[in-house]
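Going down the list, the protein sequences come from chains A and B. Take 1 as the starting number for the first sequence in our numbering and just add one per residue. Take 1 as the starting number for the second sequence in our numbering and just add one per residue.
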Amino acid sequence: MRKVAYYKGCLASLSAKELDTSTRALAPKVGLELDELESVTCCGAGDIHEAEPDYYLHLNARILAYAEATGADTLMTVCNVCTLNLRQANYQLQIDDALRERVNRNLEAVNVPHYSGAVEVKHLLWLIAEGEGYELLKQAAHKGLKGLKVAPFYGCQILRPSKLLGFEDPDRPSSLEAIITACGGEPIDYPAKIKCCGFPIIQAREETALGELIQPIEQAKEAGADAMVTPCPLCHLSLDAWQSKLKKATGKDFQMPILHLSQLIGVAAGLEASELKFKRHVVSVQPVLEKLEA
Amino acid sequence: MSTHLAPVPGSTTIDVALKIWRYNSETGDRELKDYEVEAPDWATLLDVLDLIKDRVDGTLAYRKSCRMMICGSCGMRMDGAAVLACKTRMYDIVQAGHVPVISAMGNLPIVKDLVVDMDPFWKKMKAMKPWLEPGYEEPPEGKEFHASQQQMNVIHKEALCINCGCCVSECNAMESSPEFLGPQALAKGMRFVGDPRERAVVERLEDYNSEHGIWECTRCYFCNERCPKGVDPRDAIAKLGAESIKHGIDHDMGAKHANWFVTSAKTTGWLRETELVPKTQGVVSSIAQMKFAMGLAKRGKVPPPIPPHVAEDVRQSRALYDIVKQQGRDGALGIVQGEHALGRIEFAEEHGTKTSDPEVQPGVEPPHAEG
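Below you can see the structure in the form of structure tokens.
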């Protein structure tokens, strides 16, 4: 078992609880022992970075400090936006000794542990798309997906900017495809798999966001996908919950089931319905489950 | 024209194969054509296009000028990603056996083949008023205006822009909303907002807080990924947002959305999701969203705000906010923290060395690498 500090972020704590339950149930099957961080806050989701950048840095330094205090060398995330925000702050703290000293003095003043800069932030996807995690995943996915056609949707902030993320080629990523294949599914290729779902502006500029959101769903549908899978709960929320708004705006009713990464693997690994919690989805996942039971 | 490209006898050459999307805007004809030429092994994509135009097909249209990554003329797409043709070496691509597809940049109308109409691009740039507004304090006679390195670090990256359009080509928000000012124009705006001599900062920020301004950026980060000069336009847009909020310009829904995250972190630690909609859009607009929200609530997507989901030891994050606010790293200055240059300056301040000192003094031999 590899021990990692687990930062679940806001959505997995609240509106996407199904992401948290499926991740917890899956972890031991892919060799991960999760040490969940309790004394942590929101990473700021890019919004605090934009509103109060110095506060953003301190909130993330605090998360990293508590991660280091667990003794693990890796902080595991399950959200693209958390991944970028934490890695960006970590990079700032790692390359600038004077900045790290100031932040540590401030952390000390409020009784937060010291942060040395030694923690690495990695998304669950990265831990299971290669190496030992991938080997264990292949064993865990014993039930398979019976050739289910799955459209991988990466979202933005797990690929770009690649100088802060850098796990794979941001234009030709392949980690989700490798996982779909290992689970016995058939990955579907389509151009918009690396584009934006529109979520960051879905409240402030809904029309612009919907114009982005329709591209991946429409392309995946045309390419014959039975479902889409994403490593990001924000992408999940817009792809799943805002489909009804696309229908209202364009008249197109896609009924495309959207799965979290941990749910897709979870189905292949035989997780319980109480762990997968598909009832929390807006677009029904039933057609996928029926296809797998057939 | 391309005599400098003629292979020198005995030198190494490579056979470069390309596919180019040809386009005629008068007829609307579009065709993907194959080309193959022998080129020197150091050839760039631009060199190869020159060879094709010279030896194979004189009707091929593309823009070029300096050939050295400074004029910004030769932006185009290779395999769907915007690049400067003069910066893209072909050797590794040929060695990998890959035949790349070359096409015109995105988000701008195509005039012919690889040439796009840059008018919409220049119009947006002009709308940013890309010049210093007069009225700053003139330095004494014969003196220069002194700006510290720390002040200039805030706009260091923005000043590198060569107006090539590679960022605009890939902007996801602009694909959906063509009127969005976009990454190049906004980065240019930040270059002036952050200039210590500029005297119309508030007026500029008000202008850029328009319907298609700062807050329409969708944070897809394609601009940072594609920029061939390291401008990082998304970071520039974040700086504009931070400067706006610092100056109290927070009427846009995007700014309210951002501020609600700060409030959430200070009060409960975690995002107060359910209150985010009314805090961003206002109560009236939220009521219009009620039916949609009820649909989500049925699926547990609208967690009740009471009792609030409070993070353990949230008192720490509240106290941190008060400490941070006293340390004066608001706005764009907070965003550039940790960039190498700023780190060097803080180091120099603490150690009493002058950062303006050149690394090698006149008359002193620079150190040479061994071997």
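Glycine is no exception: its CB is placed at the ideal position from the N, C-alpha and C atoms. Small disclaimer: the values here were computed from a predicted structure and weren't measured.
Interface residue (Cβ-Cβ distance to chain A less than 8 Å): B/Trp215 is classified as such. Note on geometry: alpha-carbon atoms of A/Gly185 and A/Pro231 lie some 16 Å from one another. Assignment of B/Asn24 by DSSP, reduced to helix, strand and coil, places it in the strand class. One Cα belongs to A/Pro187, the other to B/Arg55, and the distance between them is close to 43 Å.
Excluding five sequence positions before and after A/Leu246, the CB atoms of its chain that fall closer than 8 Å to its own CB belong to Leu210, Leu213, Ile214, Ile217, Lys252 and Phe254, given in chain order. For A/Val229, the closest alpha carbon among the candidates A/Pro191, A/Arg62, A/Asn104 and A/Ile179 is that of A/Ile179. For B/Ala236, no CB of chain A lies under 8 Å from its own CB, so it is not counted at the interface with that chain. The alpha-carbon of A/Trp126 is positioned some 40 Å away from that of B/Glu31. Contact between the stretch 40-47 of chain A and the stretch 138-152 of chain A is absent: fewer than three C-beta pairs spanning the two stretches fall below 8 Å.
Of all C-beta pairs linking the stretch 22-31 of chain A to the stretch 295-314 of chain B, fewer than three are shorter than 8 Å, placing the two stretches out of contact. A straight line joining the alpha-carbon of B/Ala96 with that of A/Asp73 spans about 36 Å. In the displayed model, A/Lys122 falls within a strand according to three-state DSSP. Under a criterion of Cβ atoms nearer than 8 Å, the residues of chain B adjacent to A/Lys17 are, in order, Gly300. Less than 8 Å divides the Cβ of B/Phe192 from the Cβ of B/Leu132. Per the coordinates, the alpha-carbon of B/Arg63 lies some 17 Å from the alpha-carbon of B/Pro228. Listed in chain order, the non-local C-beta contacts of B/Gly106 below 6 Å within the same chain comprise Ser169, local neighbours out to five positions each way being set aside. The residue among B/His156, B/Gly75 and B/Thr218 with its C-alpha nearest the C-alpha of B/Cys171 is B/Thr218. In this structure, DSSP gives B/Ser148 a state outside helix and strand, which the three-state scheme calls coil. Beta-bridge pairing by DSSP links B/Arg77 to B/Ala82 and B/Ser103. A/Ala89 and A/Leu37 do not touch by the CB rule: their CB atoms are close to 15 Å apart, not below 8 Å. The beta carbon of B/His257 sits closer than 8 Å to some beta carbon of chain A. Every unbroken stretch of the alpha helix (DSSP H) spanning 4 or more residues and falling wholly within the stretch 105-171 of chain A is given here in chain order: 124-128 and 131-140.
Straight-line measurement puts the Cα of B/Pro120 at about 21 Å from the Cα of B/Ala236.
Note on A/Glu50: 16 or more other CB atoms within 10 angstroms of its CB, so buried under the neighbour-count rule. Contact with chain B is absent for A/Pro113, since none of that chain's Cβ atoms lies less than 8 Å from the residue's Cβ.
With a cutoff of 8 Å on beta-carbon distance, B/Cys74 and B/Leu46 are scored as near each other.
Distance between A/Lys3 and A/Lys122, taken at the CA atoms: about 13 Å. Note: A/Tyr6 is bridge-paired with A/Glu36 and A/Met76 in the DSSP secondary-structure output. Per DSSP, the beta-bridge partners of B/Lys19 are B/Asp34 and B/Val101. Against chain A, the beta carbon of B/His309 has neighbours under 8 Å at Ser13 and Leu14, listed in chain order. Positions of the beta strand (DSSP E) runs, each at least 3 residues long and wholly inside the stretch 141-204 of chain B, cannot be given because no such run exists.
At a C-beta separation below 9 Å, B/Met290 has no neighbours in chain A, since its nearest C-beta there lies roughly 14 Å away. Taking 8 Å as the cut-off, the beta carbon of A/Tyr66 is found closer than this to the beta carbon of A/Ser39. Take A/Cys79, set aside five residues on each side of it, and the residues of its chain with a beta-carbon closer than 6 Å to its own are Gly9, Cys232 and Pro233, in chain order.
Annotation: B/Asn163 has no Cβ neighbours in chain A at a cutoff of 9 Å; minimum Cβ distance is about 21 Å. Cβ proximity to chain B below 7 Å picks out nothing from the stretch 215-238 of chain A.
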